[in-house]
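For reference, the structure discussed in these notes is given below.
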Ligand code: HEM
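Numbering (the UniProt record's numbering), first residue to last: 1 to 295.
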């Protein structure tokens, strides 16, 4: 049974609200902000409060719609990314990648809100989804398509420069700009996989992950697990594997060996560094004394 206050609020939230600073109603869809952003249309895209099967359905719809919009932005931004890479403007490419990486983080963190949906509530909403499934998400497929184009642009850039991904990673100082771009691609891909991992945990706590539990299209939820780490840019992950495979112990010493900096062949920069700090105030004993004073 709803309290009178709750009933009044429910009604009040469905009518325009008088903005006393402007002396005009907000929510009628007539103000410039509302017209430009088409807020009336946007806010009519969820079931009306009377039509919701349960109040939690509002969360379900808004969370999905919001994710679709962020996915749309991530895919759209890839047009600019590809253009920048094709035009060898790596500063612009880095800026766009930064934005896309933040979108991925937003997608991931937003899932925390829908994770508050209980299994019982989800199973009620589920009856109204027809055969709808995540594999029908337009934003997701747009992003996969966009990532393919970005992948091609990156590989053409490396070809134009006459280097392989392996060269870039083995000679970071020589290929600083390419290395930076490759690492931002890795950040973007990590963000994507973190989002899918958060989604996996969401499915686990609402629907359950098991061979016997299937999505509405018959897809067994257990198959979601391996897909969380399926990369957008596989070559950038393969290079790590290749480098680790090629690793040998040669050049190292046992952990118990006392290291002599003068003779260290693998870190010439270390051998020229003095073993004690020149300035007494920054020396280990000076720092220790300072810590002692704070006690
Ligand atoms: C309670 C909330 C959710 C549940 C129970 C759920 C459940 C599932 C299940 C069972 C699958 C397996 C494949 C299939 O559906 O056919 C799936 C896939 C997927 N879902 Fe969700 N989902 C939820 C929320 C979301 C949200 C908010 C999004 C955001 C757009 C989303 C996007 C996707 C995508 C893109 C896939 C395909 C993943 C892949 O290719 O591995 N899901 N979801």
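Backbone N, C-alpha and C fix where the C-beta goes; we use that ideal spot for every residue, glycine too.
For residue 18, the three-state DSSP class (helix, strand or coil): The residue you call residue 18 lines up with position 18 of the chain shown. Residue 18: strand per DSSP, three-state reduction.
Closest by C-alpha distance to residue 136, when choosing among 31, 163, 215, 160: Start at 1 with the first residue of the chain shown, and residue 136 comes out as number 136. Comparing Cα-Cα distances from residue 136 to each of 31, 163, 215, 160, the minimum goes to 215.
beta-carbon residue 165 near the ligand HEM non-hydrogen atom, thresh 8 Å: Here residue 165 refers to the residue found at position 165 of the chain shown. The answer is no for residue 165.
Uninterrupted alpha helix (DSSP H) stretches inside the region 21-53 (no shorter than 4 residues): Segments of the alpha helix (DSSP H) lying fully in the region 21-53: 32-37, 39-43.
Range of the contiguous alpha helix (DSSP H) that encloses residue 140: Your numbering for residue 140 matches position 140 in the chain shown. Element bounds for residue 140: 138-161.
Under the three-state DSSP convention, the category residue 98 falls into: Position 98 of the chain shown holds residue 98. Here residue 98 sits in helix by DSSP.
Beta bridge counterpart(s) of residue 220 as assigned by DSSP: By one-based count along the chain shown, residue 220 stands at place 220. 214, per the DSSP bridge assignment.
Residues near residue 29 in its chain [Cβ-Cβ closer than 6 Å; skip 5 each side]: Locating residue 29 in the chain shown gives position 29, where the first residue counts as 1. Same-chain partners within the cutoff: 40.
Spatial neighbours of residue 274 in its chain, beta-carbon cut-off 6 Å, leaving aside the 5 residues before and after: Translated into positions along the chain shown, residue 274 becomes position 274. The predicted model places residue 274 with a pLDDT of 42, which falls under 50 and marks its position as unreliable; any figure quoted below should be read in that light. Leaving aside the five residues that flank residue 274 on each side, none in its chain has a CB nearer than 6 Å to its CB.
Distance between residue 125 and residue 1 (C-alpha atoms, nearest Å): In the chain shown, residue 1 corresponds to position 1, counting from 1. In the chain shown, residue 125 corresponds to position 125, counting from 1. Taking the straight line joining both Cα atoms gives about 21 Å.
Contact between the region 186-204 and the region 220-233 (3+ Cβ pairs under 8 Å): Yes, since at least three Cβ pairs between the region 186-204 and the region 220-233 fall closer than 8 Å, the two stretches touch.
Beta carbon of residue 63 nearer than 9 Å to that of residue 101: Along the chain shown, read from residue 1 onward, the residue named residue 63 stands at position 63. Along the chain shown, read from residue 1 onward, the residue named residue 101 stands at position 101. Result no, Cβ atoms of residue 63 and residue 101 do not sit closer than 9 Å.
Sequence-distant residues of its chain with Cβ nearer than 8 Å to residue 128 (five each side left out): Position 128 of the chain shown, counting from 1, holds the residue named residue 128. A distance below 8 Å between beta-carbons, with the five flanking residues on each side excluded, links residue 128 to the following residues of its chain, in chain order: 53, 57.
Proximity test, residue 118 beta-carbon vs the ligand HEM heavy atom, cut-off 8 Å: The count along the chain shown starts at 1 and reaches residue 118 at position 118. No, Cβ of residue 118 sits at least 8 Å from all heavy atoms of the ligand HEM.
Rounded straight-line distance, which links the Cα of residue 236 to that of residue 10: On the chain shown, residue 10 is found 10 positions in, with the first residue counted as 1. On the chain shown, residue 236 is found 236 positions in, with the first residue counted as 1. When rounded, the distance between both Cα atoms is 51 Å.
Length of the line joining the Cα atoms of residue 243 and residue 179: To locate residue 243, count along the chain shown from 1; it is residue 243. To locate residue 179, count along the chain shown from 1; it is residue 179. So the alpha carbons of these two residues sit roughly 15 Å apart.
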